[in-house]
Amino acid sequence: MEPGTKVSDMALLGMPENESGRRSRKNHGINGLLEVDEKSRLPSRVVVYFVLALALFPQLGYRNVFIKLCLHTTVIARITESALTQARRRIRAAPLRWLFEMLRGPAPTTTREGSFFGKYRICAIDGMVLTLPDSPQILTKYTKHRGNHGGTGYPQARVLALVACGTRSIIDAVFGPTSIGETIYTPALLPSMEPGMLVLADRNFASARLPHQISGKGAHFLVRVKNRRNLPVHRSLADGSYLSILAGVPVRVLDATITLHTKARNHSETYRLVTSLTDPQEGTALDLMELYHQRWEIETAFREIKSTLLQGRVLRSRSVLLVEQEIYALLIVQQLLRTVMSEATNAVPDLDPDRASYTVALAMARDLVVLGHPANGERSGWRALAGRIGDEVLDRLLPPRRLRTGSRTVKRAISKFQARAGKPHTPTLPATLVVEIMAPTPGLPNAIAA
12 MEPGTKVSDM
22 ALLGMPENES
32 GRRSRKNHGI
42 NGLLEVDEKS
52 RLPSRVVVYF
62 VLALALFPQL
72 GYRNVFIKLC
82 LHTTVIARIT
92 ESALTQARRR
102 IRAAPLRWLF
112 EMLRGPAPTT
122 TREGSFFGKY
132 RICAIDGMVL
142 TLPDSPQILT
152 KYTKHRGNHG
162 GTGYPQARVL
172 ALVACGTRSI
182 IDAVFGPTSI
192 GETIYTPALL
202 PSMEPGMLVL
212 ADRNFASARL
222 PHQISGKGAH
232 FLVRVKNRRN
242 LPVHRSLADG
252 SYLSILAGVP
262 VRVLDATITL
272 HTKARNHSET
282 YRLVTSLTDP
292 QEGTALDLME
302 LYHQRWEIET
312 AFREIKSTLL
322 QGRVLRSRSV
332 LLVEQEIYAL
342 LIVQQLLRTV
352 MSEATNAVPD
362 LDPDRASYTV
372 ALAMARDLVV
382 LGHPANGERS
392 GWRALAGRIG
402 DEVLDRLLPP
412 RRLRTGSRTV
422 KRAISKFQAR
432 AGKPHTPTLP
442 ATLVVEIMAP
452 TPGLPNAIAA
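Adding 11 to a residue's 1-based position in the sequence shown gives its number in my numbering.
Next comes the structure, spelled out in structure tokens:
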């Protein structure tokens with residue numbers, strides 16, 4: 012999305028008549044991709060709206076979703092689910108890909124806390140896995156994951172995303188089969204990295220190439236590495252960190268013991284981070300260690316897509332082409348909601364975007380799809396829709412977030428994590444976090460105990 016452009020200033024699949032320049036040329040591009048047949052019973056533009064509505068209502072079948080789109084009209088079109096499937100195949104994935112390319116990017120925010128670290132925008136890169144139907148067509152590209160206890164019951168798709176941590180908006184994303192690892196997909200996101208970004212990443216991304224690739228784009232990184240990674244001490248610094256080299260890139264190494272205190276128990280773990288911010292004036296070791304916690308915002312964004320929007324369901328598309336179309340629709344809806352939420356919180360000075368409720372925004376968006384074109388003062392069309400969602404978000408703000416921790420357990424018994432075994436899930440508990448920087452010891456190996 013162009014800098015300074017508001018989602019509420021744009022129509023969903025086109026631009027206002029008074030718009031010109033770059034965005035008008037983009038609008039011309041989507042018309043070419045849609046190949047609209049005005050004589051068609053179901054124009055391609057309507058099919059795109061339908062595909063987006065499918066992402067909003069994953070629990071409903073084709074016919075019920077289409078009825079919701081038509082409830083605000085005088086006549087509900089009589090159309091079969093087979094015709095809707097054929098319509099999806101007709102438009103393919105190109106219009107949805109174009110729309111995502113137009114909308115992606117960091118949502119505008121007036122709040123620096125959580126969004127910026129000094130002069131750098133806080134971003135994170137990570138991946139999630141979506142479950143696909145077990146159909147012969149899907150299996151031609153998306154395979155089932157193999158494990159120690161056999162394969163998964165369904166094929167899966169891997170989505171790798173670059174997310175702005177402050178607003179959880181999607182800067183860029185790429186996806187494909189899980190047979191390809193996250194680090195192999197990473198180069199596809201490099202064009203979206205730029206000077207002024209500080210990219211947070213987990214240990215999986217501390218490969219030999221990634222630090223060099225990110226630095227080559229002018230961005231900076233803060234990445235966790237394994238505690239036993241051999242990083243020689245070139246020079247110790249006053250804040251407890253030290254200078255070293257990682258994959259030919261000058262880095263600063265931060266070692267710390269992080270202790271989590273709750274009423275139930277205390278837990279300590281050692282962390283080792285490396286950053287291309289070699290000057291402590293741009294961030295002390297303690298500041299950067301505390302900043303790394305913001306990486307979890309991308310995990311929260313993925314949870315919003317998989318658990319809240321998709322409701323933990325298997326994707327409905329049963330062909331490779333429609334899977335691509337459906338994933339783009341999920342990313343588009345996520346980006347639209349997150350951008351509208353950011354615009355709403357921008358209207359209140361110093362309001363943390365974290366206090367905007369994703370659940371409230373999603374519920375209101377679903378309601379407005381059924382209502383069609385609600386009146387909202389002088390606003391109309393998409394501006395009215397965005398305004399109504401934003402108003403509801405501001406009316407139902409979440410309380411200020413407190414640090415909490417929860418046990419890492421899953422329902423599925425076949426997992427490397429502890430199974431529930433029929434016991435109730437342990438509730439999350441308020442927590443206190445203590446970070447203790449560990450300065451390097453002269454004459455000793457620089458690896459720390461795992």
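Heads up, the beta-carbon is just placed ideally off N, CA and C, and yes, glycines get one too.
C-beta atoms of residue i and residue j nearer than 9 Å
| i | j | result |
| --- | --- | --- |
| Arg-306 | Ala-258 | no |
| Leu-233 | Thr-197 | no |
| Thr-268 | Thr-281 | yes |
| Thr-370 | Pro-364 | no |
| Arg-324 | Pro-69 | yes |
| Arg-263 | Ala-217 | no |
| Asp-266 | Ile-448 | yes |
| Arg-99 | Ile-181 | no |
| Leu-67 | Val-380 | yes |
| Asn-457 | Leu-242 | yes |
Residues that DSSP places opposite residue i in a beta bridge
| i | result |
| --- | --- |
| Pro-188 | Ala-168 |
| Cys-134 | Ala-175, Val-210 |
| Ser-180 | Ala-175 |
| Phe-216 | According to DSSP, which records beta bridges pairwise, Phe-216 is partnered with nothing at all. |
| Glu-112 | DSSP lists no partner for Glu-112. |
| Val-140 | Arg-169 |
| Arg-235 | Leu-284 |
| Arg-415 | Pro-441 |
| Ala-400 | According to the sequence provided, residue 400 is Ile. The question's Ala does not apply to it. DSSP, once it has assigned bridges, lists no residue as partnering Ile-400. |
8 Å contact criterion, which residue i and residue j should meet: CB distance rounded
| i | j | result |
| --- | --- | --- |
| Arg-314 | Arg-283 | The pair is not a contact, with the Cβ atoms about 26 Å apart (cut-off 8 Å). |
| Leu-348 | Ala-312 | No, Leu-348 and Ala-312 are not in contact; Cβ-Cβ is about 11 Å, not under 8 Å. |
| Gly-229 | Tyr-131 | In fact, because the Cβ distance is near 11 Å, the residues do not count as touching under 8 Å. |
| Leu-173 | Val-344 | Not a contact, Cβ separation roughly 18 Å. |
| Leu-201 | Ala-442 | Actually they are not in contact, since the Cβ atoms of Leu-201 and Ala-442 sit about 36 Å apart, beyond 8 Å. |
| Arg-103 | Leu-332 | 6 Å |
| Lys-83 | Gly-383 | Going by the sequence as given, residue 83 is His instead of Lys. 3 Å between Cβ atoms; contact. |
| Leu-341 | Ile-309 | Leu-341 to Ile-309, Cβ: 15 Å. No contact. |
| His-231 | Leu-209 | 5 Å |
Length of the line joining the Cα atoms of residue i and residue j
| i | j | result |
| --- | --- | --- |
| Gly-138 | Glu-193 | 7 Å |
| Asp-213 | Ile-225 | 14 Å |
| Gly-125 | Tyr-153 | 36 Å |
| Thr-350 | Pro-119 | 8 Å |
| Pro-451 | Ala-135 | 28 Å |
| Thr-142 | Ala-168 | 7 Å |
| Gly-164 | Pro-261 | 45 Å |
| Ser-368 | Leu-321 | 17 Å |
| Leu-362 | Thr-122 | 7 Å |
| Asp-298 | Leu-211 | 14 Å |
| Asp-250 | Ser-203 | 32 Å |
| Asp-145 | Glu-92 | 20 Å |
| Glu-301 | Ala-199 | 29 Å |
| Leu-80 | Arg-89 | 12 Å |
| Val-445 | Arg-56 | 53 Å |
Short CB-CB distance (under 9 Å) between residue i and chain C
| i | result |
| --- | --- |
| Gln-292 | Of the chains in the structure shown, none is chain C; there is only one protein chain. |
Closest Cα partner of residue i within the set the options
| i | options | result |
| --- | --- | --- |
| Glu-205 | Glu-92, Pro-117, Arg-89, Ser-318 | Pro-117 |
| Ile-256 | Val-404, Val-244, Leu-248, Arg-276 | Val-244 |
| Gly-72 | Leu-95, Arg-52, Val-59, Leu-82 | Leu-95 |
| Val-404 | Ser-353, Pro-360, Asn-215 | Ser-353 |
| Pro-222 | Phe-186, Leu-288, Val-380, Arg-239 | Leu-288 |
| His-304 | Phe-128, Ile-90, Arg-108, Phe-111 | Phe-128 |
| Pro-410 | Phe-186, Ile-400, Asp-402, Arg-366 | Arg-366 |
| Val-334 | Leu-53, Glu-112, Gln-148, Met-300 | Gln-148 |
| Leu-110 | Ile-400, Glu-337, Arg-412, Ala-372 | Glu-337 |
| Arg-327 | Arg-56, Leu-65, Pro-106, Pro-54 | Leu-65 |
| Ser-330 | Val-57, Gln-97, Tyr-60 | Gln-97 |
| Thr-416 | Tyr-60, Asn-277, His-231 | Asn-277 |
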